[in-house]
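Peer 1: Supplied in structure tokens, the structure appears directly below.
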Amino acid sequence: MKRISATLKKFTPRSLFRRALMILVLPILLLQVVVAVLFIQRHYDGVTGQMATAVAREIRFVISQIENLPDVDAANEMLATIAIPLGFDFSLRPDDRVEPDAVRALYDVTGGVIEETLKDELRRPMALDLVTYPKHVDARISTTKGVLQVLIPRRRMNASNPHLLLVWMTTISVVLTTVAVIFLRNQVRPIRELATVASAFGRGRSLPFRPSGAEEVRRAGIAFVDMRNRIERQMQQRTRMLSGVSHDLRTPLTRMKLALAVIDPSPETAELSRDVSEMEHMLDAFLAFARGEAGELSSDTDPVELAEEIAEDARRRGRELALVAEVETPGERAVSLRRQAVKRCVVNLVENALAYGDTVSLGVRLGPKSVEFTVEDDGPGIPPDKREEVLRPFTRLDEARGQNIASGVGLGLSIALDIARSHGGSLSLDESRRLGGLRACVRLPR
Ligand SMILES: Nc1ncnc2c1ncn2[C@@H]1O[C@H](COP(=O)(O)OP(=O)(O)OP(=O)(O)O)[C@@H](O)[C@H]1O
Ligand SMILES: [Mg+2]
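Residue numbering for the sequence shown follows the UniProt record's numbering, starting at 1 and increasing by one per position.
Here's what the structure looks like:
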């Protein structure tokens, strides 16, 4: 059962359009084949049989008439008079003999029925030739007056134009299928549009979208637009609230700084002012996090160029950074992303690596479907059970590890993750196999 469904799945088309088309067209096709086979087989064979029977009876009557006549001359005379009303061509050959035989073309479907019916009805030795004359059957029948040759028009035994039904059926189904294809295309388009807009939103882009199409599809579209608006509102609200809080905290902090400046310096005030400036630094980071890179629009960016820029910035600050670029799609290097945001994301990872390790390498890989920035270092790394934890805002491991290398806030990785997610991408932390420290990888879809 599982295997059957697996095979079925392999052969059923994947897109909705093709599936719907298949559901629509397959029954029509099947019905046509069944109707064509059954109807043509039964109907035309039946009709041919009946018509051939009538012809055979006429010939039997003619034969019985000429056999009752005294001689061949009288028979010929009679044949001449009845040939026209019956529509046959007769000729009598008194000295001939019949070799029972039947020739017909392979493709002559009704020929078999004709042959059988004539033999059944006449019950005499006869030779049938359905090949020589295209529109006549040549029958030679043995009688007491010799061999009677009859040329019977095929028309009298076949239903005329049997292909007409097929032609009509095919034409109509082609027309209907074309109409169905056009309608289906129009029905599937809004669903495709919805999918495009939804995945763009997942990557942080808000494309214009007007729900259209069938009732259900439109409802899904409206629900999506509502949801998108709600999410956007919520994000705005969060940003506004966080930046409001940070902003309000700044004023008392500035006052404290002023007060500290006028107090006589002592070890206590020095500590206090260090605390105050640390708080200020934290607030700055916090504000940056809350604000995010909101408002920046996606633009076509060359990731390799971006990576070079980051490496150059690090070099200017006196730190060396090995850059490894791998481009799988040399023809198309531009990726649509929010440049500043992505730069900040990678810079955060690089800053961590530079803070914790000595040797740092930045890799950028441009694939057909995604772009990856990998930052590796030879620092202490992050133990596997902590990797999820450090992605949370305000999480720092250094205090627990007794290190005090960088006086961070613990927002760098959360911001990086946030930016990756807003592009529909991901951020993963691993152990660097090459350098032994942390390997942070941002993967963004293109
Ligand atoms: N390359 C690394 N090697 C070892 N530990 C790291 C590395 N990167 C991050 N960590 C650990 O993860 C914690 C969180 O990093 P995150 O960048 O979020 O904050 P931070 O660097 O402490 O502060 P900031 O907000 O200034 O970046 C760090 O405190 C550190 O303990
Ligand atoms: Mg950091």
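Each residue gets a CB set at the ideal place from its N, CA and C atoms; glycine is no exception.
In this text, all values refer to a predicted model and were calculated from it rather than measured experimentally.
Would you give the residue range spanned by the alpha helix (DSSP H) that Arg-255 belongs to?
Peer 2: Looking at the DSSP string, the run of the alpha helix (DSSP H) that includes Arg-255 is 215-262.
Peer 1: Inspect the beta-carbon positions of Gln-321 and Glu-308 and report whether they are closer than 8 Å.
Peer 2: The sequence given here places Leu at residue 321; Gln does not occur at that position. Contact flag unset, no.
Peer 1: Judging by CA-CA distance, which residue of Arg-42, Met-126, Ala-36 is the nearest neighbour of Ile-59?
Peer 2: Nearest of Arg-42, Met-126, Ala-36 to Ile-59, Cα basis: Met-126.
Peer 1: Excluding the five sequence neighbours on either side, which residues of its own chain have a C-beta within less than 7 Å of the C-beta of Thr-132, listed in chain order?
Peer 2: Within the same chain, Thr-132 has close Cβ partners Asp-138.
Peer 1: How far does the alpha helix (DSSP H) with residue 453 in it extend, from its first residue to its last?
Peer 2: No statement about residue 453 is possible, as the shown extent of the chain runs from 1 to 446 and does not include it.
Peer 1: Look at Leu-148 and Ala-56 and say whether their C-beta atoms are less than 8 Å apart.
Peer 2: No, these two residues do not count as a Cβ contact at 8 Å.
Peer 1: Between the Cα of Leu-253 and those of Phe-201, Asp-284, Leu-16, spot the shortest distance and give me the residue it belongs to.
Peer 2: When each option's Cα is compared against that of Leu-253, the closest is Asp-284.
Peer 1: Tell me which same chain residues have a C-beta within less than 8 Å of the C-beta of Pro-393, skipping the five on either side of it?
Peer 2: Correct list, in chain order: Phe-289, Gly-410, Leu-411, Ser-414.
Peer 1: Starting from Ala-440, follow the alpha helix (DSSP H) in both directions and report where the run begins and ends.
Peer 2: Premise fails: Ala-440 lies in the beta strand (DSSP E), 438-445, not in any alpha helix (DSSP H).
Peer 1: Look up Ile-28 in the DSSP assignment and say whether it is helix, strand or coil.
Peer 2: Here Ile-28 sits in helix by DSSP.
Peer 1: Under three-state DSSP, which class holds Glu-281?
Peer 2: For clarity, residue 281 is His in the given sequence; the question names Glu instead. The answer is helix: DSSP assigns His-281 an H, G or I state.
Peer 1: Measure the beta-carbon distance from Ser-370 to Arg-446 and round it to whole angstroms, keeping in mind my assumption that it falls under 8 Å.
Peer 2: That pair is a contact at about 6 Å.
Peer 1: I believe Gly-244 touches His-423 by the beta-carbon criterion, under 8 Å. Please report the beta-carbon distance rounded to the nearest angstrom.
Peer 2: At roughly 27 Å, the Cβ-Cβ gap does not stay under 8 Å, so Gly-244 and His-423 are not in contact.
Peer 1: Of the choices Ser-336, Glu-328, Asn-158, Asp-430, whose alpha-carbon is the least far from that of Pro-134?
Peer 2: When only C-alpha atoms are compared, the closest one is Asn-158.
Peer 1: Look at the alpha carbon of Asp-95 and the alpha carbon of Gly-146, and state the distance between them as a whole number of angstroms.
Peer 2: Going by the C-alpha atoms only, they are around 6 Å apart.
Peer 1: Could you tell me if Leu-235 is buried or exposed, where buried requires 16 or more neighbouring beta carbons within 10 angstroms of its beta carbon?
Peer 2: Residue identity differs from the one stated: residue 235 is Met in this sequence, not Leu. The residue in question, Met-235, is exposed, as its Cβ has fewer than 16 Cβ neighbours within 10 Å.
Peer 1: Taking 7 Å as the cut-off, is the C-beta of Gly-244 nearer than that to any heavy atom in ligand 2?
Peer 2: No, since every heavy atom of ligand 2 falls outside the 7 Å radius drawn around the Cβ of Gly-244.
Peer 1: With the cut-off set at 8 Å, would you say Gln-187 and Ala-220 are in Cβ contact?
Peer 2: It is not a contact, given that the beta carbons lie outside the stated cut-off.
Peer 1: Beta carbon of Thr-395: closer than 7 Å to some heavy atom of ligand 1?
Peer 2: Correct: Thr-395 has its Cβ closer than 7 Å to ligand 1.
Peer 1: Please list the terminal residues of the continuous alpha helix (DSSP H) segment that includes Ala-200.
Peer 2: Element bounds for Ala-200: 163-202.
Peer 1: Whole-angstrom Cβ separation of Val-144 and Glu-77, contact assumed at under 8 Å?
Peer 2: Per the sequence presented here, residue 144 reads as Thr, with Val not at that position. At roughly 17 Å, the Cβ-Cβ gap does not stay under 8 Å, so Thr-144 and Glu-77 are not in contact.
Peer 1: Identify the residues that DSSP records as bridge partners of Ser-299: which are they?
Peer 2: For Ser-299, which the question treats as bridged, DSSP gives the partners Leu-337.
Peer 1: Is the beta carbon of Asp-378 less than 8 Å from the beta carbon of Asp-358?
Peer 2: Contact: yes.
Peer 1: Measuring from each Cβ to the nearest heavy atom of ligand 2, keep the ones under 5 Å and list them in chain order.
Peer 2: Selection output, chain order preserved: Asn-352, Gly-408, Gly-412.
Peer 1: So, is Asp-226 buried or exposed, given that buried needs 16 or more other C-beta atoms within 10 angstroms?
Peer 2: Asp-226 comes out exposed.
Peer 1: Taking 7 Å as the cut-off, is the C-beta of Ser-432 nearer than that to any heavy atom in ligand 1?
Peer 2: The answer is no for Ser-432.
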